[in-house]
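**Q** Here you go, one structure.
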Amino acid sequence: MEGSSDHTRLMNIFLGLSMNIPKWPNTLKQLGYEVEIIEGDIPEANPDLIFTSRRLDHSLIIECKSKNTEEKQINKYLQLKFDPSLLIKRGIVNKVIHQHRYMLDIAFTSFFDISHDKLLIKNGIPFLYVIKGNSNKIKIIEKRISDFTKNELNRKFPIQIPEDSRPPYLLYPFDPKEKEIFVISILTELLNFSLKGKSTFTMEELLKSIFKNIWEVIGDHKKKEFRNIGTRLLEKIKKEELKPYIKKEDNVWHVILKKDNKSYQAFQNKCNVIIKSLKEKLKQKTLKEI
Amino acid sequence: MKVKNRKELFEHLENIMARTYEKIKEEGKLEYEQNLLKSFIIESNEPNLNSLKQSQSKEFKVDIFPTEDKTLHVLNISLKEKKKAVFYVDSFNPRFWIFHTTSKSILVNTIIKKLVGVIGGKLDHPWLYTNFLDTIRKESTQVRGTGIQYKYGDVFPDENQEVEEFSMRIWGSMAQNIIEQLRRSSQLKHTLTLSSIGIKQVYNNDFVIEDITYWGRFLARGTSIQAHLEVVENIQKKYQSILSQIEKERITYKKREHSIKIEGRPLLITFKKKIEDLNKFLEVVVSSKIPFRLWGIKTFIEKDFALVVGIDLHNGDKFSMEVTPVWIRFYLPEGACGNTVIRLVTNLQKYYDADTKLEGIENGRII
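Just so you know, the protein sequences line up as chains A and B, in that order. Converting from the first sequence to the working numbering requires adding 179 to each position, the first position being numbered 1. Converting from the second sequence to the working numbering requires adding 1 to each position, the first position being numbered 1.
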């Protein structure tokens, strides 16, 4: 998938490891880890994921990275590692039984090999390298640079990914950078509105319907990004591919779609054209970046 | 016939069951205008029967008459060609309505399919997949017949299949042995999908003979309406329990103070027959057309790995899938109807691979 965000992919990969997802290893789940925080927003840091195992009295913070690490961010995490009880006292981590034995590890993960990163090496932070094989398929997750404080966790690495396994992509697809999925979600929502007889809507209503109760948790900055991408998309397609289907009057959008199979198929064909063209653009962009 | 309550209705239906049974037993056929009792289970996401008035279209018209019993209604449904059928609708269980009728088979089959076919009508058939029918067959007092129907060619455009269509009706109790023998054939093993069963069920000293199709139609004759009602209710309860298992796995995102919590997990659909062309396969499955009735947009991550986000046209519920040539991870969101995935799996068994299975992580194999 072009233009997708490594960050969201990594989030899905590690969330999947802590749940029972068919055709994906449940390595963290086996040690009793459950997800405690997804994209947390706490005063000390903004961890992507926090997993806690009651059995091990241990939390694992995962930071999903593309290539670069930041000293400021690492220092924040080191403070948390030095005094992990902060997470318990703040009510962020709730699954610990023996609070006096509670320990915390931080790991960075990426699709790129950042095992030479000076900051990670200097601070002894484990790096979980997600290695892809042929045709982009993930084949192994290796632990590099340093060990975790829990041997049970160390022994689980490397994680070999079976040939017929694929990571989940749709477990947590909520990132404005995940453009293709976001655009597909918007187009699907237009049909959903039409089918349910809701022929007029605002951008806010559209986004709330896509994200349901997650919308309330998404930060203002991300919300703005979603609104902008959504509005730009609808403005563009109302003039082009979806001209007969959507229009805008006084900031209110209208969807006009007959409730029959033929109309839905015609609409589907137009949606496929939009996705194809988006893929092409994202591919060009990626090539330019390379 | 006008009925005031269940007692009157069931007396009336039992008379018809007994008369038709005797006639077939003595003469091997029914008289002109004499019809068997037929019951249909309809899965509903709409609690109010009056919603049928709203979903009526140019193609059919619905008149609803109440009885003394608030969960029993008489429905006159007419097609645009003025052909009319009378249904006695039991909505005691709001999720599964039972339509009883003694009108003509062809007419009522058409009407039921039109009712269920309304886009966004929130009604669906129960989809009695192969191992479900097999269990019912094994639990019955006597197995009378087994229907097998595989119709790949009706749905998938590829003509290079070894077997495009396979239909067979086996009368008698040796059906399972015959099916097991056929299963040894590499050409036929993907085609052995049960589409109907014939059973005899004894109730006290009475009995009912039922022909049950995979889309929830019961043709009944015999001496006891209670035996018939028991067969229908038993299937409805078993089906509802499967539906609940599936709906427990729905993905729910819960808001917490600092974050989001994910509950539920995707379901897994597996095939033994590998999908050769994933793009063509998905074009059929999410084309909006019967039998799947799913609309979706797909995108490929790898040549053999695709994502689909879509909508079930029966009820407007959203769904998403991650698809490979041998398995599908199916995500059912919060509040979505589990019948979407049972319809998909049952019809994949009938039109693609009889060995299609559904698994949940917590409950193991579901279908």
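Glycine is no exception: its CB is placed at the ideal position from the N, C-alpha and C atoms.
Which residue from A:Ile200, A:Phe390 and A:Leu196 puts its Cα closest to that of B:Trp419?
**A** Outside the shown range of chain B (2 to 368) lies residue 419 of chain B, about which nothing can therefore be said.
**Q** By the criterion of Cβ-Cβ separation under 9 Å, what are the contact partners of A:Gln444 in chain B?
**A** The answer, in chain order, is Ser288, Ser289, Lys290 and Trp296.
**Q** Starting from B:Met322, trace the beta strand (DSSP E) in both directions and tell me its first and last residue.
**A** Taken as a continuous stretch (DSSP letters only), the beta strand (DSSP E) holding B:Met322 covers Lys319 to Val324.
**Q** Measuring only the C-alpha atoms, how far is B:Val119 from B:His315?
**A** Straight-line Cα distance between these residues: approximately 7 Å.
**Q** Can you confirm whether the segment 178 to 192 of chain B touches the segment 104 to 112 of chain B when touching is taken to mean that 3 or more C-beta pairs between the two stretches lie within less than 8 Å?
**A** The answer is no - the segment 178 to 192 of chain B does not touch the segment 104 to 112 of chain B, with fewer than three Cβ pairs under 8 Å.
**Q** Look at B:Thr102 and B:Asn6 and say whether their C-beta atoms are less than 7 Å apart.
**A** It is not a contact, given that the beta carbons lie outside the stated cut-off.
**Q** To which residues of the same chain is B:Gly317 closer than 7 Å at the C-beta, ignoring the five residues directly before and after it?
**A** Counting only Cβ-Cβ distances below 7 Å, and skipping sequence neighbours, we find Gly121.
**Q** Which residue's Cα is closest to the Cα of A:Leu266: A:Phe230, A:Leu298, A:Lys251 and A:Leu235?
**A** Of the listed residues, the one whose Cα sits closest to A:Leu266 is A:Phe230.
**Q** Which residues in chain B sit within 9 Å of A:Gln447, going by Cβ to Cβ distance?
**A** Correct list: Val287, Ser288, Ser289, Trp296, Gly297 and Ile298.
**Q** Rounded to the nearest angstrom, how far is the Cβ of B:Leu269 from that of A:Lys202, given a contact under 8 Å?
**A** Confirmed, about 7 Å.
**Q** Distance, Cα to Cα, A:Glu368 vs A:Phe380?
**A** Cα-Cα distance, rounded: 11 Å.
**Q** Using the Cα positions of B:Val117 and B:Ser288, report the straight-line distance between them to the nearest angstrom.
**A** Distance between the alpha carbons of B:Val117 and B:Ser288 is about 18 Å.
**Q** Tell me, please, whether the CB atom of B:Lys256 is closer than 7 Å to any CB atom in chain A?
**A** Yes - at least one Cβ of chain A is within 7 Å of the one on B:Lys256.
**Q** Where are the alpha helix (DSSP H) runs, 4 residues long or more, that stay fully inside the segment 112 to 144 of chain B, in chain order?
**A** Counting only runs of 4 or more, we get 131 to 140.
**Q** Are B:His126 and B:Gly217 close, meaning C-beta to C-beta below 7 Å?
**A** It is a contact, given that the beta carbons lie within the stated cut-off.
**Q** Using DSSP with H/G/I as helix, E/B as strand and the rest coil, what is A:Lys455?
**A** Residue state, collapsed to three classes: helix.
**Q** How is B:Leu269 classed by DSSP in three states: helix, strand or coil?
**A** In this structure, B:Leu269 counts as strand in the three-state DSSP scheme.
**Q** Output yes if chain A places a C-beta closer than 7 Å to the C-beta of B:Leu108; else output no.
**A** Chain A, which has no Cβ nearer than 7 Å to the Cβ of B:Leu108, makes this no.
**Q** Whose Cβ in chain B lies nearer than 7 Å to the Cβ of A:Pro355?
**A** Under the 7 Å cutoff, chain B gives no residues; its nearest Cβ is about 16 Å from A:Pro355.
**Q** If I measure Cβ to Cβ from B:Glu211 and keep anything under 6 Å in the same chain, skipping five residues before and after, which residues do I get?
**A** Closer than 6 Å at the Cβ level, and outside the excluded window around B:Glu211, lie Ile200, Phe219, Ala221 and Val232.
**Q** In this structure, how does DSSP classify A:Glu181 when only helix, strand and coil are distinguished?
**A** Because the pLDDT at A:Glu181 is just 49, under 50, the model does not fix this residue reliably, and the value given afterwards should be weighed accordingly. In this structure, A:Glu181 counts as coil in the three-state DSSP scheme.
**Q** In its own chain, which residues sit with a C-beta less than 8 Å from the C-beta of B:Tyr151, not counting the 5 before and 5 after it?
**A** Excluding residues within five positions, the ones whose Cβ falls inside 8 Å are Val164, Glu166, Phe167, Ser168, His191, Thr192, Leu193, Thr194, Lys351, Tyr352 and Ala355.
**Q** Of all the options A:Glu331, A:Val431 and A:Pro347, which has the alpha carbon lying nearest to the alpha carbon of A:Ser378?
**A** Out of A:Glu331, A:Val431 and A:Pro347, A:Val431 has the C-alpha closest to the C-alpha of A:Ser378.
**Q** Just curious, the beta strand (DSSP E) that B:Ala86 is in, first and last residue?
**A** First-last of the beta strand (DSSP E) with B:Ala86: Lys85 to Asp91.
**Q** Can you tell me which of the three DSSP states A:Ser245 falls into?
**A** Coil at A:Ser245, not helix or strand.
**Q** Using a cut-off of 9 Å between C-beta atoms, extract the partners of B:Thr341 located in chain A.
**A** Result: empty, since nearest Cβ-Cβ is about 14 Å, beyond 9 Å.
**Q** Below 7 Å between beta carbons: does that hold for B:Tyr22 and B:Gly223?
**A** In contact: B:Tyr22 and B:Gly223 (Cβ atoms closer than 7 Å).
**Q** In the DSSP assignment, find the alpha helix (DSSP H) that holds A:Thr367 and state where it starts and stops.
**A** Counting along the chain, the alpha helix (DSSP H) containing A:Thr367 begins and ends at Lys358 to Leu374.
**Q** Thinking C-alpha only, which one of B:Leu31, B:Phe100, B:Lys304 and B:Val346 is nearest A:Ser314?
**A** Among B:Leu31, B:Phe100, B:Lys304 and B:Val346, the Cα nearest to that of A:Ser314 is on B:Lys304.
**Q** Given that B:Tyr352 touches chain A, what residues does it touch there, using C-beta distances under 7 Å?
**A** By Cβ distance, chain A contributes nothing, its closest Cβ being about 18 Å from B:Tyr352, past 7 Å.
**Q** A:Val362 to A:Glu414, Cα distance in whole Å?
**A** A:Val362 and A:Glu414: Cα-Cα distance of roughly 13 Å.
**Q** Let me check one thing: in DSSP terms, what residues is B:Asn77 bridge-paired to?
**A** According to DSSP, B:Asn77 bridges with B:Asp64 and B:Val87.
**Q** Cβ closer than 8 Å: which chain B residues qualify as neighbours of A:Leu374?
**A** Chain B residues near A:Leu374: Ile120, Gly121, Ile312, Leu314 and Gly317.
**Q** Nearest by alpha-carbon distance to B:Ser40: which of B:Glu28, B:Leu14, B:Glu47 and B:Ser58 is it?
**A** The shortest Cα separation from B:Ser40 among B:Glu28, B:Leu14, B:Glu47 and B:Ser58 belongs to B:Leu14.
**Q** According to DSSP, is A:Leu194 part of a helix, a strand, or is it coil?
**A** Correct three-state label for A:Leu194: helix.
**Q** What's the C-alpha gap between B:Tyr153 and B:Lys273?
**A** Cα-Cα distance, rounded: 15 Å.
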